[in-house]
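Below is one structure, written out as structure tokens, with a few remarks after it.
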Amino acid sequence: RTGRSGAVCAAGSGKYSASGTARNIAQIPQNQHRLIRVNKKELLKELEKLGMRPGRGLGQNFLMDNNLLDWIVRRSAPGCGEHILEVGPGFGALTGKLLESGAQVTAIEYDHRLADYLREKYKNTSLRLIEADACKVDYSELFPAGVKFRAIANLPYSISSIFIAGMLELENGPDYMLFM
């Protein structure tokens, strides 16, 4: 099957669509990344490994509710080859689901420890990871005129208002936005 951007997507055990019915998605071999079905204990363990705690100054909030994660993906129904912008991917719970859909994911992470973690976790995938302040990124370079994209993210609280306002002002802004 060919996706919206011409990417070839494998038929598989498809999961997500806007109506909740199955559809084909690209498959990422299980050995290429480990999707953490996050609970508080696992999250604290991962944070400890990185020598960090969630920073209020960075507005960090980690997606731990698996029902909410599944709802976000069902509601947004990312398509094979579709360009998706994710801001504040954290430990990559949503990132992994977006990649499983076959979407071309561009994730922007400000915290260098989490960016390093994501580089390692998703090193054999199509993830395009940008280590930067999402409010200062030139989105016209990432998504030039004519390149359609959607923004789907669990936004860091500290940037949510300014980031959303910036998205609304873009000449080539997202066709769709879903933020938590």
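So in our numbering, spot 173 of the sequence shown is number 172, and the numbers just go up one at a time.
Using N, Cα and C, we set each Cβ at its ideal position, and we do this for glycine too.
Going by DSSP, which residues form a beta bridge with arginine 149? Stepping through the sequence shown from its first residue, residue 149 is reached at position 150. Ile83, per the DSSP bridge assignment.
On the DSSP bridge list, what partners appear for proline 130? By 1-based counting over the sequence shown, the position of residue 130 is 131. According to the sequence as given, residue 130 is glutamate; it is not proline. According to DSSP, glutamate 130 bridges with Glu108.
Classify arginine 149 as buried or exposed, calling it buried when 16 or more other Cβ atoms lie within 10 Å of its own Cβ. The count along the sequence shown starts at 1 and reaches residue 149 at position 150. With at least 16 other beta carbons inside 10 angstroms of its own, arginine 149 counts as buried.
Buried or exposed: serine 75, going by 16 or more other Cβ atoms within 10 Å of its Cβ? Here residue 75 corresponds to residue number 76 of the sequence shown, with the count starting at 1. Burial state of serine 75 is buried, judged by a 10 Å Cβ sphere holding 16 or more other Cβ atoms.
State buried or exposed for isoleucine 27, treating a residue as buried only when at least 16 other CB atoms are found within 10 Å of its CB. Walking along the sequence shown from the start, residue 27 turns up at place 28. Residue confidence for isoleucine 27 is low, a pLDDT of 34 falling below 50, so the modelled location carries little weight; the figure read from the coordinates is stated next. When all chains shown are included, isoleucine 27 counts as buried.
Go through its chain and collect everything with a Cβ distance to proline 77's Cβ below 6 Å, but skip five positions before and after it. For the purposes of this step, residue 77 is taken as the residue at position 78 of the sequence shown. Excluding sequence neighbours, proline 77 sits near Ile83, Leu97, Ser100, Ala102.
Could you check whether glutamate 85 and valine 104 sit closer than 8 Å to each other, using their CB atoms as the reference points? Looking up residue 104 in the sequence shown gives position 105. Looking up residue 85 in the sequence shown gives position 86. Yes, Cβ-Cβ distance for valine 104 and glutamate 85 is below 8 Å.
Under the DSSP definition of a beta bridge, which residues are partnered with methionine 176? Counting from 1 along the sequence shown, the entry for residue 176 is found at position 177. Beta-bridge annotation (DSSP): methionine 176 is paired with Ala150.
Please confirm if the segment 128–136 is in contact with the segment 105–116, defined as three or more CB-CB distances below 8 Å between the two stretches. Short answer: they touch.
When the distance is taken between beta carbons, is leucine 154 closer than 8 Å to glycine 87? The residue given as residue 87 occupies position 88 in the sequence shown. The residue given as residue 154 occupies position 155 in the sequence shown. By the CB criterion at 8 Å, glycine 87 and leucine 154 fall inside the cutoff.
Assuming cysteine 134 contacts phenylalanine 162 under a Cβ cut-off of 8 Å, what Cβ separation, rounded to an integer in Å, is found between them? The sequence position of residue 134 within the sequence shown is 135, counting from 1. The sequence position of residue 162 within the sequence shown is 163, counting from 1. 6 Å between Cβ atoms; contact.
Residue nearest to glycine 91 in terms of C-alpha spacing, selected from Gly172, Pro173, Asp110, Leu141: Position 92 of the sequence shown, counted from the start, is the residue given in the question as residue 91. Checked all of Gly172, Pro173, Asp110, Leu141; the closest Cα to glycine 91 is Asp110.
8 Å Cβ cutoff met for serine 139 and glutamate 108: As a working mapping, residue 139 is identified with position 140 in the sequence shown. As a working mapping, residue 108 is identified with position 109 in the sequence shown. Result no, Cβ atoms of serine 139 and glutamate 108 do not sit closer than 8 Å.
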